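Asker: Please see the structure below; I have some questions.
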Amino acid sequence: MEDAIERAFTWTARQDPSTAKELSRLIAACELWNVENDYSSRLIRLRTGNNWNGSIRETARACSALASSDIDLEDSSRWLISRQESNGSWENDVYDTTYALIALADMGIHDPEGCSWLVENYDEKWEHVGTTSLIITALIEQGHLIKEDPFADLIKERARWVLSERKEDGGWKFISTSNLVIQALSIAGFKEELEESERWLLARQNANGSWGKGEGDVTATALSLITLGISKNNRIYKKKTD
């Protein structure tokens, strides 16, 4: 795997990421693999006032990426909270809501109303592996901030359903979806069950070191690096606790 990771970072170093989404993903990937970079300063330059492009999702991604840095995100966290609807959601949108909850959790802010909105509104319209995986990730990260997680049983049941939807080759059809799924299942405690999926992901790395269609995609490559980094850290943690 070390060679695959090195080739991927060599490829990303030759790219010119310019969007908040690309930079946010690259920051997270570099942090997991301890790779020096200047992406944080570039991401900060894209901030307009206290948010990124007036977008809940872009602001949430950026806040998550910068949460472990010494950058002051208080104004941005307040902006995110100010955009929350009275029913606990963000724009009544499952994706805006999950990303906002993940970002708030990364900044140490518990939001039970947003979690409850996800759980209470979960039905067949959201029963897709990618969407469900984002919900699982949001609930787990928010749950880390409290002593007792009221949604632990739901998380476990939905995680097992997502795993049951895996294709015979070890993936969930698309690179982007598979990354979201593997990340969610990793933090949900699945380890040995995902070894086949990690091999599937590594086998889909392009010859130039990237992931994604054609000559590669920055976001797909960064997401794949994040996935493999989370899996690596889980294995290290497991060895320490065995």
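Going by the working numbering, 1230 is the number at position 127 of the sequence shown; the sequence numbering is gapless.
For every residue, glycine included, the Cβ atom is placed at its ideal position computed from N, Cα and C.
This structure is a prediction, so every number in the text was calculated from the model and none was measured.
(1) Please state the DSSP three-state secondary structure of N1154.
(2) Helix, strand or coil for W1136? Go by DSSP, reduced to three states.
(3) Please say whether I1285 and S1103 have beta carbons closer to each other than 7 Å?
(4) Who are the near neighbours of W1303 in its chain, counting only those whose CB is closer than 8 Å to its CB and skipping five residues on each side?
(5) Rounded to whole angstroms, what's the CA-CA distance from G1315 to A1291? Just pull it up for me.
(6) Quick check on the DSSP output: the alpha helix (DSSP H) that includes I1108 runs from which residue to which?
(7) Jot down the residue ranges of each uninterrupted alpha helix (DSSP H) in the segment 1257-1333, minimum 4 residues, whole runs only, in chain order.
(8) Label W1264 either buried or exposed according to how many other C-beta atoms from any shown protein chain fall within 10 Å of its C-beta, with 16 as the threshold for buried.
(9) For a quick check, are the C-beta atoms of S1289 and S1334 less than 7 Å apart?
(10) Among T1322, S1313, N1337, A1310, which residue has its Cα nearest to the Cα of E1298?
(11) If I follow the unbroken alpha helix (DSSP H) through N1224, where does it start and stop?
(12) Which same chain residues end up closer than 6 Å to A1107 when comparing Cβ atoms and leaving out the 5 residues on each side of it in sequence?
(13) Less than 8 Å between C-beta atoms, sequence neighbours within five positions excluded: which residues of the same chain meet that for P1120?
(14) To the nearest angstrom, how far is it from the Cα of Y1202 to the Cα of L1169?
(15) Any contact of the segment 1229-1249 with the segment 1188-1195, i.e. 3+ C-beta pairs under 8 Å?
(16) Measure from the alpha carbon of E1161 to the alpha carbon of each residue in T1113, G1317, T1122, then state which is nearest.
(17) Can you check DSSP and say which residues form a bridge with W1193?
(18) Going by the CB atoms, is the gap between S1179 and I1205 shorter than 7 Å?
(19) Can L1176 and G1332 be called in contact, C-beta distance under 7 Å?
(20) What separation, rounded to the nearest whole angstrom, lies between the Cα atoms of E1296 and T1151?
(21) Distance, Cα to Cα, E1139 vs R1117?
Answerer: Reading it off the structure:
(1) Note: N1154 maps to strand in three-state DSSP.
(2) In the three-state DSSP reduction, W1136 falls in the coil class, being neither helix nor strand.
(3) Only positions 1104 to 1345 of the chain appear in this structure, which leaves residue 1103 out of reach.
(4) Shown here for W1303: same chain residues with a beta carbon closer than 8 Å to its own, the five before and five after excluded, namely D1272, G1273, G1274, S1281 in chain order.
(5) Cα to Cα, G1315 sits roughly 26 Å from A1291.
(6) Looking at the DSSP string, the run of the alpha helix (DSSP H) that includes I1108 is 1105-1116.
(7) Correct list: 1278-1290, 1298-1306.
(8) Exposed, since its Cβ has fewer than 16 Cβ neighbours within 10 Å.
(9) Cβ atoms of S1289 and S1334: closer than 7 Å.
(10) Measuring from the Cα of E1298, the nearest candidate turns out to be N1337.
(11) For N1224, the uninterrupted alpha helix (DSSP H) segment begins and ends at 1215-1224.
(12) Sequence-distant Cβ neighbours of A1107 in its own chain, meaning closer than 6 Å and more than five residues away, are L1305, Q1308.
(13) Same-chain partners within the cutoff: L1126, L1129, Y1142, R1145, V1321.
(14) Here the alpha carbon of Y1202 sits roughly 14 Å from the alpha carbon of L1169.
(15) Three or more beta-carbon pairs separated by less than 8 Å are not found between the segment 1229-1249 and the segment 1188-1195, which leaves the two stretches without contact.
(16) Among T1113, G1317, T1122, the Cα nearest to that of E1161 is on T1122.
(17) According to the DSSP secondary-structure assignment, W1193 is paired through a beta bridge with Q1187.
(18) Going by C-beta atoms, I1205 is not nearer than 7 Å to S1179.
(19) Result no, Cβ atoms of L1176 and G1332 do not sit closer than 7 Å.
(20) If I take the Cα positions, the gap works out to 43 Å.
(21) If I take the Cα positions, the gap works out to 14 Å.
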